[in-house]
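Count along the sequence shown from 1, then add 19; that gives the number in the numbering used here.
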Amino acid sequence: AINKEEAHMLRGYDAGAVDFVFKPFDSVMLRSKVAVFVELHEKTLEIQRKAIVEQTLLEQALESQKSRLEAERALRAAEQRQEAILQSIPVCFHARSLDPPFDARFVTSGIER
């Protein structure tokens, strides 16, 4: 920075400056400032990488949920079609649970429940 006046520094900050180095400068202080800015830049890049990964995971989860919901809808539609077909056939069908007490899971209207 050429001018150390507060008004000039404020204009610099308004323009996006975050720090100033005045001559003569101390090399240790300059290295320290540069190290801080390098670290900030690396952290910014890491945050951006994590945001991309999180966005990708979110999109995958949403796609998976969408696929699951579509599969559930298709299954319900198939079950409804199957039941309609079975109910329309003039034969009695029934299905029972595999586990005791072996409750009826499906019974056509020809069999009393």
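The C-beta atom is built at its ideal place from N, Cα and C for all residues, glycine as well. Note that the structure is a prediction, hence the values are computed from the model and not measured.
Range of the contiguous alpha helix (DSSP H) that encloses residue i
i          : result
residue 80 : 46 to 107
residue 26 : 25 to 33
Within 8 Å, strictly: CB atoms of residue i and residue j
i           : j           : result
residue 28  : residue 44  : no
residue 106 : residue 127 : yes
residue 121 : residue 113 : no
residue 52  : residue 41  : no
residue 115 : residue 123 : yes
Span of the beta strand (DSSP E), counted from its first residue to its last, around residue i
i           : result
residue 114 : 113 to 115
Per-residue DSSP class, three states only, for residue i
i           : result
residue 123 : strand
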